Structure formats: structure tokens, C-alpha cells
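In the numbering used here, the protein residues as written are 895 to 1123.
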Amino acid sequence: MKIQAVKVQRLYLQVADQLRELINSGSPAPGERLPSERDLAEQFGVGRPTIREAMIALEIAGVVQIRSGSGVYVLKRSGNNLAAEEDHGAGPFEILEARLLIEGEACALAAERLDAQQLARLDTLLQDMEQENLQQTVTERADEEFHCLIAEAAGNSAIATTVRWLWKLRNESEISTHFHQRVRQEGSRPIIEDHRKIVAALKKRNPAAARRAMRKHLQRVIDSLLEQR
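Written as C-alpha cells, this is what we have:
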């Protein structure tokens, strides 16, 4: 008996696979628009972030085209059937959800443990973010260092390593990099005021306020990215 390794498939890929099968069957046909994100989320019984990730995966595979402000359209097939869907890595909303859970607690710990030098560095990074936001091409390096520095200030090497790994995943996952490149081109920028509130809570040495500020910031990021078309 031949045994095959069990593979856990990402949720967004399960959705993408079903949509690909529908498109293969001819409905919707090339040129037609897919149902709205909300409608698909209700039909599949998943959240909108999963639908958004499925659309990005299908766009990378050349199955659909995402048109800002218009919707998602089926592309003309080059062969008889669309190729099998590939795993393009962790989805951008999967990563943000993990960051929401972890970075809030890291920020609470940092409020009790960070030193004056780290606080001063956070102020400098705020200024760097403001300058980066004025540039035509945003690298988000200051944003990344800001969040990773807070994780390091938590004084727990496991937390610091995890947060850095999540940012590495964000920058290397094919579907995540594709998504963030698109939203940057559409004008998405780090939210400076949210970062200021995080620093203010840290300066007060208030763990509850720091946790709340970080979680509110990351939830705002998720919500704003979902509203972009």
C-alpha cells in the first residue's frame, strides 16, 4: 500500500480551487465579473480576508484580473483547463491576524520593560516613517523596524524571533508581496497617528493601553486593506 503524506491546505486555497473548478466549467465565463467579496464570503462560509486572499492567488495564477474600483474578472483561458492551483505561501491577512494576536501582547510586555534608548529609537523611527510616507516609493523599512523593536523590548527572545519571522514571511510569501505591492501602488501607507499612540502608551508604562493601541492599529490595518479595491 502506497501512503501519501498528509498535506494541510490553506483555507484560501480551498476557496481558490473551488472557484477555479467553476471557471473551468465555463461559469462564470471569460470576461464576466465574479460575485462581490461579501457574497462569496457568505456562500463559502468564510471571512472576507480569505476571499481576498483567494482572489490574489487566482490573479497570480493568471485566472482572474482584479480591477480597482470595478471588481474581479475572469480571464480568457489559454488552454483547455486552468492549471492546478499552487500554494503561494501564507496569505497577507493570515499574517496580519497572527501579528494582531502576538504583537499586542508583546507591546504590553514592552511597556514594562523597554529602556530609554529604545524609546528614543521609536521616536526616531516615527520621524523616518513620516519621511518615507512622503516618498513616491514606500519601502516600509521604518515600519518594520518599529514593530520589531517593540517585540525586542518585550524582553523575550521567543517573541522577538516570532515577530521578526512574521515580517520575513510578509516580505517573502509570494501572495503577500503581490498584495502589498498592489496596495502600496494604490496609495496605502503606514498610519503614523496609530504609531504615535502606541509610543505614547509605552512612554506612560501602561501595559493595558499599549496592548490596546497595538491591537487597534493592526485591526485598523486589516479593515482598511479590506476596504481597498
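From the three backbone atoms N, C-alpha and C, an ideal C-beta is built for every residue, glycine too.
Please read these numbers as outputs of a predicted model, since none were measured by experiment.
- Shown here, residue 998 sits in a helix according to DSSP, grouped into three states.
- Counting only unbroken stretches of 3 or more residues, the beta strand (DSSP E) elements lying wholly within the region 913-983 are 958-961 and 965-968, in sequence order.
- Membership of residue 1077 in the alpha helix (DSSP H) is indicated by the continuous run 1068-1079.
- Looking at the backbone, the Cα of residue 1047 and that of residue 1032 are separated by about 26 Å.
- In the DSSP assignment, residue 1101 falls within the alpha helix (DSSP H) that extends over 1101-1121.
- When secondary structure is reduced to three states using DSSP, residue 1027 falls in the helix class.
- In the structure shown, residue 1092 falls within a helical segment according to DSSP collapsed to helix, strand and coil.
- The alpha-carbon of residue 982 is positioned some 10 Å away from that of residue 952.
- The DSSP-derived three-state label of residue 1018 is helix.
- Residue 1034 sits in coil when the DSSP states are folded into three classes, being neither helix nor strand.
- Put simply, of 995, 1062, 1021 and 1025 the residue whose alpha carbon is nearest the alpha carbon of residue 1112 is 995.
- The C-beta of residue 1018 has fewer than 16 other C-beta atoms within 10 Å across all chains shown, which makes the residue exposed.
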